[in-house]
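A.B. asks:
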Amino acid sequence: MASAVFVLDLKGKVLISRNYRGDIPMSAVEKFMPLVLEAEEEQQAPTPCFTHEGVSYLYIRHNNLYCILFAEAGVGIWKRKRRMFNRSSFSYFASSTINLLYLLEPVLALTKKNSNATTILLFLHKLTEELEEESIRDNFVIIYELLDEMMDFGYPQTTETKILQEYITQESHKLEIQVRPPMAVTNAVSWRSENIKYRKNEVFLDVIESVNLLVNANGNVLRSEILGVIKMKCYLTGMPELRLGLNDKVMFESTGRSPTRGKAIEMEDVKFHQCVRLSRFENDRTISFIPPDGGFELMSYRLNTQVKPLIWVEAQIENYTGSRIEYTIKAKAQFKRRSTANNVEIYVPVPDDADTPKFRSSIGSVHYAPEKSSIVWKIKQFQGGKDFSMRAHFGLPSDPEKKPPIGVKFEIPYFTTSGIQVRYLKIVEKSGYQALPWVRYITQNGDYQLRMPESIKNNKMTFI
Amino acid sequence: MTDFRIPKPKFFATTKKGENYELKADLNSEYRDRRKDAIKKVIANMTVGKDVSGLFPDVLKNMQTDDLEQKKLVYLYLMNYAKTQPELVILAVNTFVKDTDDVNPLIRALAIRTMGCIRVEKIVDYLCEPLRKCLRDENPYVRKTAAICVAKLYDLNPTLATDNGFVATVQDMVSDSNPMVVANAITALAEIHEASEAKDIFVINHATLNKLMAALNECTEWGRIAILTALADYRPVDEKEAEIIIERVVPQFQHANGSVVLAGIKIVVLYMRVIKSEDLIRQLVKKMAPPLVTLISSVPEVQYVALRNINLILQKRPDILQNEMRVFFCKYNDPLYVKLEKLEIMIKLANEKNVDQLLSELKEYASEVDVDFVRKSVRAIGQCAIKIEETSERCINVLLDLINSSNTMSDIGNSKANYVVQEAIIVIKDIFRKYPRKYEGIIPTLCKNLDALDEPEAKASLIWIIGEYAEKIDNANELLDSFLETFRDENVQVQLQLITATVKVFLKKPQKTRDIVQQVLQIATTECDNPDIRDRAYVYWRLLSTDPQAAKAVVLSEKPAISVENQSISPALLEELINNISTLASVYHKPPETFLGRGKFGADAVQRRAIEEQEEASRETESPIQVKDENLLDLDFSDASATPSSSKPSSSNLSSAASPPSSSISNNIDDLLGLFGTTTTNNSSTTQAGSSATTQSNALSDLVSLI
Numbered sequence: 001m002a003s004a005v006f007v008l009d010l011k012g013k014v015l016i017s018r019n020y021r022g023d024i025p026m027s028a029v030e031k032f033m034p035l036v037l038e039a040e041e042e043q044q045a046p047t048p049c050f051t052h053e054g055v056s057y058l059y060i061r062h063n064n065l066y067c068i069l070f071a072e073a074g075v076g077i078w079k080r081k082r083r084m085f086n087r088s089s090f091s092y093f094a095s096s097t098i099n100l101l102y103l104l105e106p107v108l109a110l111t112k113k114n115s116n117a118t119t120i121l122l123f124l125h126k127l128t129e130e131l132e133e134e135s136i137r138d139n140f141v142i143i144y145e146l147l148d149e150m151m152d153f154g155y156p157q158t159t160e161t162k163i164l165q166e167y168i169t170q171e172s173h174k175l176e177i178q179v180r181p182p183m184a185v186t187n188a189v190s191w192r193s194e195n196i197k198y199r200k201n202e203v204f205l206d207v208i209e210s211v212n213l214l215v216n217a218n219g220n221v222l223r224s225e226i227l228g229v230i231k232m233k234c235y236l237t238g239m240p241e242l243r244l245g246l247n248d249k250v251m252f253e254s255t256g257r258s259p260t261r262g263k264a265i266e267m268e269d270v271k272f273h274q275c276v277r278l279s280r281f282e283n284d285r286t287i288s289f290i291p292p293d294g295g296f297e298l299m300s301y302r303l304n305t306q307v308k309p310l311i312w313v314e315a316q317i318e319n320y321t322g323s324r325i326e327y328t329i330k331a332k333a334q335f336k337r338r339s340t341a342n343n344v345e346i347y348v349p350v351p352d353d354a355d356t357p358k359f360r361s362s363i364g365s366v367h368y369a370p371e372k373s374s375i376v377w378k379i380k381q382f383q384g385g386k387d388f389s390m391r392a393h394f395g396l397p398s399d400p401e402k403k404p405p406i407g408v409k410f411e412i413p414y415f416t417t418s419g420i421q422v423r424y425l426k427i428v429e430k431s432g433y434q435a436l437p438w439v440r441y442i443t444q445n446g447d448y449q450l451r452m453p454e455s456i457k458n459n460k461m462t463f464i
Numbered sequence: 001m002t003d004f005r006i007p008k009p010k011f012f013a014t015t016k017k018g019e020n021y022e023l024k025a026d027l028n029s030e031y032r033d034r035r036k037d038a039i040k041k042v043i044a045n046m047t048v049g050k051d052v053s054g055l056f057p058d059v060l061k062n063m064q065t066d067d068l069e070q071k072k073l074v075y076l077y078l079m080n081y082a083k084t085q086p087e088l089v090i091l092a093v094n095t096f097v098k099d100t101d102d103v104n105p106l107i108r109a110l111a112i113r114t115m116g117c118i119r120v121e122k123i124v125d126y127l128c129e130p131l132r133k134c135l136r137d138e139n140p141y142v143r144k145t146a147a148i149c150v151a152k153l154y155d156l157n158p159t160l161a162t163d164n165g166f167v168a169t170v171q172d173m174v175s176d177s178n179p180m181v182v183a184n185a186i187t188a189l190a191e192i193h194e195a196s197e198a199k200d201i202f203v204i205n206h207a208t209l210n211k212l213m214a215a216l217n218e219c220t221e222w223g224r225i226a227i228l229t230a231l232a233d234y235r236p237v238d239e240k241e242a243e244i245i246i247e248r249v250v251p252q253f254q255h256a257n258g259s260v261v262l263a264g265i266k267i268v269v270l271y272m273r274v275i276k277s278e279d280l281i282r283q284l285v286k287k288m289a290p291p292l293v294t295l296i297s298s299v300p301e302v303q304y305v306a307l308r309n310i311n312l313i314l315q316k317r318p319d320i321l322q323n324e325m326r327v328f329f330c331k332y333n334d335p336l337y338v339k340l341e342k343l344e345i346m347i348k349l350a351n352e353k354n355v356d357q358l359l360s361e362l363k364e365y366a367s368e369v370d371v372d373f374v375r376k377s378v379r380a381i382g383q384c385a386i387k388i389e390e391t392s393e394r395c396i397n398v399l400l401d402l403i404n405s406s407n408t409m410s411d412i413g414n415s416k417a418n419y420v421v422q423e424a425i426i427v428i429k430d431i432f433r434k435y436p437r438k439y440e441g442i443i444p445t446l447c448k449n450l451d452a453l454d455e456p457e458a459k460a461s462l463i464w465i466i467g468e469y470a471e472k473i474d475n476a477n478e479l480l481d482s483f484l485e486t487f488r489d490e491n492v493q494v495q496l497q498l499i500t501a502t503v504k505v506f507l508k509k510p511q512k513t514r515d516i517v518q519q520v521l522q523i524a525t526t527e528c529d530n531p532d533i534r535d536r537a538y539v540y541w542r543l544l545s546t547d548p549q550a551a552k553a554v555v556l557s558e559k560p561a562i563s564v565e566n567q568s569i570s571p572a573l574l575e576e577l578i579n580n581i582s583t584l585a586s587v588y589h590k591p592p593e594t595f596l597g598r599g600k601f602g603a604d605a606v607q608r609r610a611i612e613e614q615e616e617a618s619r620e621t622e623s624p625i626q627v628k629d630e631n632l633l634d635l636d637f638s639d640a641s642a643t644p645s646s647s648k649p650s651s652s653n654l655s656s657a658a659s660p661p662s663s664s665i666s667n668n669i670d671d672l673l674g675l676f677g678t679t680t681t682n683n684s685s686t687t688q689a690g691s692s693a694t695t696q697s698n699a700l701s702d703l704v705s706l707i
């Protein structure tokens, strides 16, 4: 298991370290950055795990906005985002500024054994979720406390934020009564404390579906996938027992019933928060659980769809070599008229050195975002069934390289692509109170990528 | 605080007594707040790497306090500096022991946890009594901490841990009423078991099995991983028992924590060995696919580990993701390391039905910007062609498209185009070897690119093609002639191919090429220092001068076909790696002992073993050289002999298949040299890249990266 954990800064300098097992020299961390850089220089992708002189290095990139603000003094933000959008092209074009590649601070674990890599990497992610809240430099005390409590001898212990907060607080010394380990730390219900009280008992359910789409340059859909999550905010007294009913096809089939209205959906895979009784679900597809207090992600599910892409974008590019480049973009909302997509943003990549942009669009606003090398076409409200078009014109000194795909952002409220429905949420607590469940549905873009077609190299003007 | 108003004369004392001096004063201050702030400053200094070990006694004085935060900080300091002040640590023992008796379980646990982390012999003796108490503590939080502490103690002093009955107590704790205690007891036992000589600490029997299964659903995610990992080491007595355990494990596929899921999958994959029912196996394989696919939606680092493991599982169960090829299509913003792994898996999943889709994807990838990714994509096109015969023509067309479009791009001054062409030519050479005389029509297109090639492997490939198909290329002799001037400056690989190709051309069209062959052999024998080149040239020369017919039979003989093997890893290694699913071994695709250094001596042992194996391997590969020296004329010098005689005639290593014998030998020498050089961490990825590599070359590079 993990011998030591390090939080590093952008240059690889140690900000925080914790030696859990004492079986490796802590100086091994000094080799980390040189090894990563070396791999990068040799055109090898540095992988999240590698081994050197008997020590394995496992690391993730820590996405802490505070650190970025701190370290990059503002300018870092777009660069960092850009890196996340198109890392590979960035690394290619910006080889002169290679240090920009390391804008995300690494969080690193070292181990000497053949440890469980998945566990360590997931633990580092949980740890950074905790750190997200804290700025490392100002809160090193609390971070040491977290490191002490979350892992012992290199084995993960408690990682539930809510529970950790109950007994790790910086103000602890000011309290009259000393904090004690909450029962929950070691209970079977390790995610909820007893004695929670609310005057008004309420539950909010958010069903959020993200659509992942990959369309090739010929306009064929390669992949279309829905990643759904059900997020809950629970404000419930005591130790309530909850049961959630969905229009799950497998459940209907196994019980021999049929849905009262609408149709049932077939989820390809479901993942649950650790509060859900998995064996119960396996037996009769019942989702039963005692929820954590406050907000959490109850479940996630995945399914492939055969439905039309919700927002379809077609691009036509005409390239007049060395002089100008013209884009004709058509966007179409391929969902029912009664729904509306909000805050639609269509990102059309353009060459890095494009200049003097000119736009014309039938709706919304268009602007050029040179830092993203993209045109951004924003449409506040995009009603189902409608289609719009936009034309852009750039002066262009060089020939375009192969470009990143078109990206689309959108939100469609009161609508799920899969047709998932919350049929009921039963809440039972021994005190017998009534609680109100609220449900919201929303569909949004996930990884929504449409590859750019080849540009046409002629002098014909085509209007659409 | 320093007084600024009265400057002290320099010879009495330095004006600045240093930060530590001030801290020392503050640590001994009469005010609580000042002491605490000083401790924080000490820890802050420790964090940035300043040496504050000199303050040990002063920090220690602040250990006894009601302030929990302060106590934690002092403990943290102790853990860091105990090693440097082993004498003084004894002073802390009293407080430690007292704290393990505190009314607050948080403090009891904190004390026992910290004591276990202070790896100083003297402290260990004092650890036993408090540990005994804490193991029986009424509070589960303390018990679960104490359980891990036994593992810590065992690490420091196994005899002490065993003789005091601690190990036995932890064995009993597997039956604890609290799931978290059970989980930590299992973690501790697994750790002790691994370190123990006798390996009898943690053996799962029927009774413990039931306890583990009962605790499984009650545990935290991390506890579940510990239990599942322990279960994976258990070998079910019969099919029935395996089925029962699997039934309890399968629900864990729905856990949000990917590590729990992978630990569950590991058990199912392992237990499937004892299951005979075809039906059940089919069901299980079907059940494993969705969770594996979902892992590819996790954070990129975990995706990477998942992909490396899927790669292994696919070799074991090729049917598992048959219809899921699209899942592995690369997204533009995938990290490079994810893209490369996806590529490997897609080739494994390629079949007649999905290959068209795959080819259009690969073509798309070949126009991206990451050089490594582009090259591997082009290489993947070649692997499709070799794997699926029906598709070879389409692959050739895609490759030609790439060459042509790259050429147009380089016309307008684009430098990137070139490596696409080079890679494509290397790949086409392999296709030629697999399907001889099928695609001769494209040779002129290839030859047009001769001037653009600057990488040895690409050059050597094209020269090989020219030699092989000399009768179809009218100007073969001219093409080769163009190289003669620069022969001395070429890479060894290219020189060797030039010699062979020239001889081939001579044997096929003797009238025009007598001069060239003379010239080449002359230069190679008189001006080259490399013995491989010189010797080969001598052999050809003698062969040609003694018996041209024999030379023809030897040089122009049929070469054995090559194939992309589905399994890039030997079956034995695969089994071992499957046993290690989710661990680093499964990520590196190497057995654990190859990358674990157990202390200084351990590392030496591994190195010794590596050298022995390497020597053995090179003894095998050396044999052809010796034969060559003794028996020059009988030796078959065609490419077939590229494969050392000792290995199977599969010769499926694409690169060495087409390169002449001595080059593979010189590779071995390089490897041998590399053995003593720096560690080649990336070696495995390069080796994996050509999944066609023979097991032998795999073994070699594995050995190389041992050190």
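Chains as they are written, first to last, in UniProt numbering: chain A, 1 to 464; chain B, 1 to 707.
We put the beta carbon where it would ideally sit given N, CA and C, even for glycine.
None of the values given here were measured: they were computed from a predicted structure.
1. Given a threshold of 16 other Cβ atoms within 10 Å of its Cβ, counted over all protein chains shown, does Leu436(A) qualify as buried or as exposed?
2. At the level of alpha carbons, what is the spacing between Ile431(B) and Ile425(B)?
3. Are the Cβ atoms of Leu222(A) and Glu266(A) separated by less than 8 Å?
4. Of all the options Val268(B), Ala458(B), Ala501(B), which has the alpha carbon lying nearest to the alpha carbon of Arg282(B)?
5. Would you decide whether residue 468(A) is buried or exposed? Buried here means 16 or more other CB atoms lie within 10 Å of its CB.
6. With 8 Å as the threshold, decide whether the Cβ of Thr84(B) is near any Cβ in chain A.
7. Apply the 10 Å Cβ neighbour rule to Asn653(B) and answer buried if 16 or more other Cβ atoms are within range, or exposed otherwise.
8. Any idea if Gly12(A) is buried or exposed, counting beta-carbon neighbours within 10 angstroms, 16 or more meaning buried?
9. From the DSSP output, in three-state form, read off His589(B) for me.
10. Given that Met180(B) touches chain A, what residues does it touch there, using C-beta distances under 9 Å?
11. Does any CB atom of chain A fall closer than 8 Å to the CB of Arg282(B)?
12. Between Leu135(B) and the rest of its own chain, which residues show a CB-CB distance below 8 Å, the 5 nearest in sequence each way excluded?
13. Since Val29(A) contacts Leu108(A) with CB under 8 Å, what's their CB separation in whole angstroms?
14. Rank Tyr439(B), Asp137(B), Lys512(B), Asp155(B) by C-alpha distance to the C-alpha of Ile107(B) and give the top, closest one.
15. By DSSP's criteria, Gly407(A) is part of a beta bridge. Which residues make up the other side?
16. Shorter than 8 Å from the beta carbon of Tyr31(B) to some beta carbon of chain A?
17. Run through chain B and tell me which residues come within less than 7 Å of Gly22(A), C-beta to C-beta.
18. Mind pulling the chain A residues with CB within less than 7 Å of Thr294(B)?
19. May I have the straight-line CA-CA distance separating Asp66(B) from Leu189(B), to the nearest angstrom?
20. Can a CB atom of chain B be found closer than 8 Å to the CB of Gly294(A)?
21. Assign Tyr365(B) to one of three DSSP states: helix, strand, or coil.
22. Measure the C-alpha to C-alpha separation of Glu38(A) and Tyr337(B) and round it to an integer number of angstroms.
23. Run the CB neighbour count on residue 727(B), radius 10 Å, all protein chains shown included, and call it buried at 16 or more, exposed below.
24. Decide if His206(B) is buried, meaning its Cβ has at least 16 other Cβ atoms within 10 Å, or exposed.
25. Tell me, please, whether the CB atom of Pro181(A) is closer than 8 Å to any CB atom in chain B?
26. Please check the pair Tyr81(B) and Ile43(B), which I expect to be a contact at CB under 8 Å, by giving their CB distance rounded to whole angstroms.
C.D. replies: So, from the listed chains and residues:
1. Walking along the first sequence from the start, residue 436(A) turns up at place 436. Label assigned to Leu436(A): exposed.
2. Taking the first residue of the second sequence as 1, we reach residue 431(B) at position 431. Taking the first residue of the second sequence as 1, we reach residue 425(B) at position 425. Ile431(B) and Ile425(B): Cα-Cα distance of roughly 10 Å.
3. Taking the first residue of the first sequence as position 1, residue 222(A) is located at position 222. Taking the first residue of the first sequence as position 1, residue 266(A) is located at position 266. Taking 8 Å as the Cβ cut-off, Leu222(A) and Glu266(A) do not qualify as a contacting pair.
4. Here residue 282(B) refers to the residue found at position 282 of the second sequence. Of the candidates Val268(B), Ala458(B), Ala501(B), the one whose C-alpha sits nearest the C-alpha of Arg282(B) is Val268(B).
5. Because chain A in this structure spans residues 1 to 464, residue 468(A) falls outside the shown range and cannot be described.
6. As a first step, residue 84(B) is located in the second sequence; it is residue number 84 there, counting from the start. No, Thr84(B) does not count as interfacial toward chain A.
7. Here residue 653(B) refers to the residue found at position 653 of the second sequence. With a pLDDT of 37 at Asn653(B), under the threshold of 50, the modelled position of that residue is not reliable, and the figure given next carries that caveat. Buried, by the Cβ-count rule.
8. Sequence index remark: in the first sequence, residue 12(A) carries index 12 (1-based). Residue environment: Gly12(A) is assigned as buried (16 or more neighbouring CB atoms within 10 Å of its CB, all protein chains considered).
9. Position 589 of the second sequence, counted from the first residue, corresponds to residue 589(B). Correct three-state label for His589(B): coil.
10. Against the second sequence, residue 180(B) aligns to sequence position 180. Within chain A, the residues near Met180(B) are Gln157, Thr158, Val185, Thr186, Asn187, Ala188, Ser190.
11. Position 282 of the second sequence, counted from the first residue, corresponds to residue 282(B). So no, Arg282(B) is outside the interface.
12. Locating residue 135(B) in the second sequence gives position 135, where the first residue counts as 1. So the qualifying residues of the chain are Arg143, Ala146, Ala147, Val150, Phe166, Thr169, Val170, Met173.
13. As a position in the first sequence, residue 29(A) is number 29, starting the count at 1. As a position in the first sequence, residue 108(A) is number 108, starting the count at 1. The Cβ separation is near 7 Å, so the contact holds.
14. Mapped onto the second sequence, residue 107(B) falls at position 107. The option with the nearest alpha carbon to Ile107(B) is Asp137(B).
15. The count along the first sequence starts at 1 and reaches residue 407(A) at position 407. DSSP output for Gly407(A) lists Tyr347(A), Gln449(A) as bridge partner(s).
16. One-based indexing of the second sequence puts residue 31(B) at position 31. No, because no Cβ of chain A sits closer than 8 Å to the Cβ of Tyr31(B).
17. In the first sequence, counting from the first residue as 1, residue 22(A) sits at position 22. Neighbours of Gly22(A) on chain B, chain order: Arg119.
18. Indexing the second sequence from 1 puts residue 294(B) at position 294. Ordered by position in chain A, the residues that pass the 7 Å Cβ test against Thr294(B) are Asp269, Lys271, Arg302.
19. Indexing the second sequence from 1 puts residue 66(B) at position 66. Indexing the second sequence from 1 puts residue 189(B) at position 189. Near 34 Å, if we compare the C-alpha coordinates of Leu189(B) and Asp66(B).
20. Your numbering for residue 294(A) matches position 294 in the first sequence. So no, Gly294(A) is outside the interface.
21. Against the second sequence, residue 365(B) aligns to sequence position 365. Helix at Tyr365(B).
22. Within the first sequence, residue 38(A) is the residue found at index 38, counting from 1. Within the second sequence, residue 337(B) is the residue found at index 337, counting from 1. If you take the alpha carbons of Glu38(A) and Tyr337(B), they lie about 15 Å apart.
23. Residue 727(B) lies beyond the range of chain B shown here (1 to 707); nothing can be said about it.
24. Reading the second sequence from its first residue, position 206 is the one you call residue 206(B). Exposed, by the Cβ-count rule.
25. Position 181 of the first sequence, counted from the first residue, corresponds to residue 181(A). Yes - at least one Cβ of chain B is within 8 Å of the one on Pro181(A).
26. By 1-based counting over the second sequence, the position of residue 81(B) is 81. By 1-based counting over the second sequence, the position of residue 43(B) is 43. Going by Cβ atoms, the distance from Tyr81(B) to Ile43(B) rounds to 11 Å, so no, they are not a contact pair.
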